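Chemist: Protein sequences appear in the order of chains Y and R.
Under the numbering used here, think of the first position of the first sequence as 937, with each following residue one higher.
Under the numbering used here, think of the first position of the second sequence as -15, with each following residue one higher.
Quick reminder that beta carbons are idealized off the backbone N, C-alpha and C, glycines included.
Keep in mind the model is a prediction, meaning the values are calculated, not measured.
I have a structure here, written as C-alpha cells, and I will follow up with some questions on it.
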Amino acid sequence: MQLHHRLLAGLTLGGALLFSACGRGAGDKAGESADAASTSGFRGVITSPPREKPDFTLTDFNGEPFNFRLATNGKVTLLFFGYTHCPDVCPLHVANVAAVLKELPFEARDAIRFVFVSTDPERDTPARLKEWLGGFDPSFIGLRGSVEEVNRILYTLRMPPIDLSQKPAAAPQEYLVGHAAQVLAFSTDGYSRLEYPFGIRQDDWAHDLPKLARGELPNGSPPSGPGGVDLKPMAESEAPAVAIRVAAALMPQPATTTEGALYLVLRNGASEDTLYAVESPAAGRASMHETMPGDHQAMGHMMPLADVVLRSGETLQFLPGARHIMLHDFKVRPSVGDAVPVRLRFRRAGDVIVVANVVAYADVERMLTAAASSLGQ
Amino acid sequence: MQFWCKAEATAWTWGWTAYVGVWGFIVLLVLAVVAWNRSAARRAGEAPAPLHPLFAVGVLILWLALDWPIGPLGASHLASVHMLQFLLIGLVAPPLLLRGISPAAQATIASSAIMQQVTSPLFALAIFNVTVLVTHLPFVADALMPSQLGSMAIDLAWLVTGCFFWWPIVVPVPVRAKFPPPLRMLYLIGGLMFSPIMFGLAGFLAYSETPMYGWYELAPPLPGISSRDDHQAAGALMSIGGALVAFIGLSVIFFNWSKTEG
C-alpha cells in the first residue's frame, strides 16, 4: 500500500495547483506542499498562508440570501467553486465528499457543511443547482451570484477568476467553464489551512474529514494568520500589526517561455523599509525594473532598480508600464491558474514570501486596482 | 484513432474510436492459427481441417472485449466493465480459442518441453491465479492502465495465462493419465469457482469502504453510476461470472465423462 500512496501522492501533486477547464490540467509543481502534507497529519495540501473565511452574501438555491461567514459559523466548511454541467472535476469532488460523509457518524456529519458556488450562473439556475446537488447529498448548499461577484470572492481567496473564454457564441449550451479545481476546507476558527485538489480520493477524505470535524489542525500550521490577499479596507491603526502587508501578487501569463513580469500591491507598516531583492524558486533570477517613458525620439526602456524604499505606511504598487519585477529563466513556463512562490527581501521586515497567481493579462489591471482600492488608494 | 484502449481522463462520449492495434491483433491471431494448423497438417500428411466454429465465437468474444465501446469504457471509466473484459478475455475466450487449434497442431506444441511444463495443471493454475492477482492489484492497474502498452500487457496477460489455465481441460495432449475428469472438475472448482484469489479480490471490490482503483474513482463520471456502485458491481461480476464460467465448464466435463463412461 506504500507504493499505492506514492502514486496517490503523484496524482495529488499533479492536481495540487490545478486550474481546470474540466479536463485541462496545469503542471505539477507542488513539491513543497506535498512534503508538508506528508507531515501535517492530513492528506489535503497545506495552504500557506492560511486563507481567512471570506465574508460574502450570495443567493442560495432556494432564492434566499446566504451569508457565507454567518451561515457556516462554527462549522467545518468545505467550499468549492464549480458548475453543474462540468463533465469531470465537479461531479467527482461532490460525489466523493458525499460518499464519505454518508459513512461518517452523525456528529461528524453534522459538524461539516459543503458549499458549492456556481461558476456558471447562466446555466446553473436555482432549480438546476438544487436538483444536481440533491442528487449527491440533500444537505449540500448551492449558491449563485453574478460572474463578477464570484470573481471577487475568488480574488479574496487567492484563486484564479472564472474562465468563460471557451463559451462559444453559436452553441451557448455546450461549453466548458474554467475554474479552480480545489475544495477549500475552513476550520471552525474561520481559516482554511488545507485544500483538496483534483486527485484527492475518497480514502483521503475519509482520513481527513473526521479529523477536521473534531477540530484538529494540520501539524506545524499556525493557529490562524492573515492571507496574502485581503480586500477589506485596512484601518490606519491596523498597519503596524503586520510590517509588510501584500494585498496582491499577480503575474500575467508570460508571453515567452523564459521571462515574465510580476506585479504587486503592498503596504508598509510603521517603519521605513527597503525592498532590496526578489527571488523565486520558479525562475533562475529575478530583478526589479522601472519602465521609463519614451518620447517622440526614443522608445521607452526598462531601468533596473537596485532597491525600492517604502516609507512608513506607504502603499507601494508595482504596475504594468511602471515599476515591476521581472522573473527570468523560468524552470517551467507558468500558465493561467498556476501559483508562483516569490520571496521579497526587506532590510527591516526580513523575508516575505508571497504566492503570485498567474492570471490572464486582461485581468491584471482590474485586480490590481481592486487590491489598491482595498488599501484605500 | 488509437492503437489500444487506455485509461484517459476525458468524459465518456458515444463517439466511435478506431483501435487499430486491436484489429491488427485479432487478424494476426486468426492468421497465425490458420497457418499453424495448415503447417501441422502438411507435416502430418493430412488435409487441413476446417476451423472449429467455437474458435470463431472465441475470436468474436475477444474482439468485442477489446474494441470500442467495451475496451475504452473498461480502460477509462468503469471498473465493472474492466471486470467484464477480464471475464471475457481471461475466462470465456481462451477455451473457445483453444478449440481452433487442430489436433495435429496441438500435438506439435504439446511435444515441446516448455509447453508441457506451462500447461501442466499445477503450473497453469498457479500462473493464472498469480496473473489475476497481480493485474488486479490497485497500484499495478492504476500504473499500467494509463498507457496503451500497459493496458495491452494486462489484456494479453489475461489471454495467455487464460489459455494456459484452460489447456489441461480443453486440449487432450499431452495425455495426462493422472488428470481424469473428476480431477479436472476439482481443478475448475478450486481454480475458478472457489479460487481464494478471485474470491478475495471480489470481496475487496464489493465490500471495501472506499473504491480500490484510483483511475476508476477519479474517472469522469457516467451519469447515475457512483464509483462505489461500480466497484461493487465489479466485485459481484468477478465472483458470479467466475462461478458461472466454472459451472459451464464443470457441466461440459461431467457430460463428456458420462458419455465415455456410459
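Can PRO56/R and THR1/R be called in contact, C-beta distance under 9 Å?
Modeler: Yes, the Cβ-Cβ distance between PRO56/R and THR1/R is below 9 Å.
Chemist: In chain order, what residues of the same chain have a beta carbon less than 6 Å from the beta carbon of GLN90/R, not counting five sequence neighbours either side?
Modeler: So the list reads VAL155, VAL157, once near-sequence residues are dropped.
Chemist: Where does the unbroken alpha helix (DSSP H) through GLN216/R begin, and where does it stop?
Modeler: Segment 211 to 245, the alpha helix (DSSP H) holding GLN216/R.
Chemist: In terms of DSSP beta bridges, what is MET182/R paired with?
Modeler: For MET182/R, which the question treats as bridged, DSSP gives no partner whatsoever.
Chemist: If you scan the segment -14 to 49 of chain R from start to end, which runs of the alpha helix (DSSP H) of 4 or more residues do you find wholly inside it?
Modeler: Fully enclosed alpha helix (DSSP H) runs of 4 or longer: 4 to 28.
Chemist: Applying a beta-carbon distance threshold of less than 7 Å, which residues of chain Y neighbour SER210/R?
Modeler: The contacting residues are ALA1031, ALA1035.
Chemist: State the Cα-Cα distance for the pair PRO153/R and ALA49/R, rounded to the nearest angstrom.
Modeler: Sequence check: residue 153/R is Ile here, not Pro. Going by the C-alpha atoms only, they are around 23 Å apart.
Chemist: Tell me whether ARG1150/Y is buried or exposed, calling it buried when 16 or more other Cβ atoms sit within 10 Å of its Cβ.
Modeler: Label assigned to ARG1150/Y: exposed.
Chemist: Does chain R have any CB closer than 9 Å to the CB of GLN1138/Y?
Modeler: Closer than 9 Å to some Cβ of chain R, the Cβ of GLN1138/Y qualifies, so yes.
Chemist: In whole angstroms, give me the CA-to-CA distance for LEU1198/Y and THR(-3)/R.
Modeler: Computed Cα separation, rounded: 41 Å.
Chemist: Contact criterion: CB-CB distance below 9 Å. Does ASP1024/Y meet it with respect to chain R?
Modeler: Cβ-Cβ to chain R under 9 Å: yes for ASP1024/Y.
Chemist: For ARG1045/Y, collect the residues of the same chain with a Cβ closer than 7 Å to its Cβ; drop the 5 residues on either side in sequence, then sort them by chain order.
Modeler: Excluding residues within five positions, the ones whose Cβ falls inside 7 Å are LEU1037.
Chemist: Consider the Cβ of GLY184/R: report whether some Cβ of chain Y lies at a distance smaller than 9 Å.
Modeler: It does not; no Cβ of chain Y falls within 9 Å.
Chemist: In whole angstroms, give me the CA-to-CA distance for ARG26/R and ARG83/R.
Modeler: Taking the straight line joining both Cα atoms gives about 19 Å.
Chemist: Looking at the C-beta of PHE1134/Y, does it have a partner C-beta in chain R at a distance below 9 Å?
Modeler: Yes - at least one Cβ of chain R is within 9 Å of the one on PHE1134/Y.
Chemist: With burial defined as no fewer than 16 other Cβ atoms inside 10 Å of the residue's Cβ, what is the status of LYS965/Y: buried or exposed?
Modeler: Low per-residue confidence applies at LYS965/Y: pLDDT is 32, beneath 50, and the placement is therefore not dependable, though the value from the model is reported in the following sentence. It is buried - the Cβ of LYS965/Y has at least 16 other Cβ atoms within 10 Å.
Chemist: Thinking C-beta only, is GLN132/R closer than 9 Å to TRP20/R?
Modeler: Not in contact: TRP20/R and GLN132/R (Cβ atoms no closer than 9 Å).
Chemist: Assuming ILE54/R and LEU68/R make a contact with CB atoms under 8 Å, what is their CB distance in whole Å?
Modeler: The Cβ separation is near 7 Å, so the contact holds.
Chemist: From the DSSP output, read off the bridge partner residues of ALA125/R.
Modeler: Beta-bridge pairing links ALA125/R to no other residue.
Chemist: Does the distance from the CB of ASP1209/Y to the CB of LEU1241/Y come in under 9 Å?
Modeler: Contact: no.
Chemist: ALA1117/Y CB to nearest chain R CB: under 9 Å?
Modeler: Not closer than 9 Å to any Cβ of chain R, the Cβ of ALA1117/Y fails to qualify, so no.
Chemist: So what does DSSP say about ASN1293/Y, is it helix, strand or coil?
Modeler: Strand.
Chemist: May I have the straight-line CA-CA distance separating PRO87/R from PHE107/R, to the nearest angstrom?
Modeler: Rounded to whole angstroms, PRO87/R to PHE107/R spans 23 Å at the Cα level.
Chemist: Output the distance between the C-alpha atoms of GLU201/R and LEU185/R, rounded to the nearest integer angstrom.
Modeler: Roughly 17 Å separates the two Cα atoms.
Chemist: What does DSSP give as the partner residues of VAL1300/Y in its beta bridges?
Modeler: BP columns for VAL1300/Y are empty, so no partner.
Chemist: Going by CA-CA distance only, name the one from MET182/R, ILE111/R, GLY134/R that's closest to TRP150/R.
Modeler: The residue with the shortest Cα to Cα distance from TRP150/R is ILE111/R.
Chemist: Along the beta strand (DSSP E) that carries SER1016/Y, what are the first and last residues, could you check?
Modeler: Reading the sequence as shown, one finds Phe at residue 1016/Y and not Ser. Per DSSP, PHE1016/Y belongs to the beta strand (DSSP E) from 1012 to 1018.
Chemist: By how many angstroms is the C-alpha of LEU46/R removed from the C-alpha of GLY967/Y?
Modeler: Note that GLY967/Y scores a pLDDT of 41, beneath 50, so its modelled location is shaky and nothing firm can be said.
Chemist: My parser needs the alpha helix (DSSP H) runs of 4 or more residues fully inside the segment 1176 to 1208 of chain Y; what are they?
Modeler: None, since the segment 1176 to 1208 of chain Y contains no complete alpha helix (DSSP H) of that length.
Chemist: For the beta strand (DSSP E) holding ALA1275/Y, just list the boundary residues, first then last.
Modeler: ALA1275/Y -> beta strand (DSSP E) spans 1275 to 1282.
Chemist: Within its chain, find whatever has a CB closer than 8 Å to the CB of PRO1146/Y; leave out the 5 residues flanking it on each side and keep chain order.
Modeler: Once the five neighbours on either side are set aside, the close Cβ partners of PRO1146/Y are LEU1040, ALA1044.
Chemist: Under the rule that 16 or more other beta-carbon atoms within 10 Å means buried, what is GLU1084/Y, buried or exposed?
Modeler: Burial call: exposed.
Chemist: Going by DSSP in three states, HIS1021/Y sits in which element: helix, strand or coil?
Modeler: The answer is coil: DSSP assigns HIS1021/Y none of H, G, I, E or B.
Chemist: Since I believe LEU994/Y is in contact with ARG1059/Y (beta carbons under 8 Å), could you give me their beta-carbon distance rounded to a whole number of angstroms?
Modeler: Not a contact, Cβ separation roughly 16 Å.
Chemist: Within 9 Å (strictly less), CB to CB, does PRO158/R reach chain Y?
Modeler: With 9 Å as the cut-off, PRO158/R does not count as an interface residue toward chain Y.
Chemist: For the segment 122 to 148 of chain R, list every residue whose C-beta sits within 8 Å of some C-beta in chain Y, in sequence order.
Modeler: Of all residues in the segment 122 to 148 of chain R, PRO122, PHE123, ASP126, ALA127 have a Cβ within less than 8 Å of some Cβ in chain Y.
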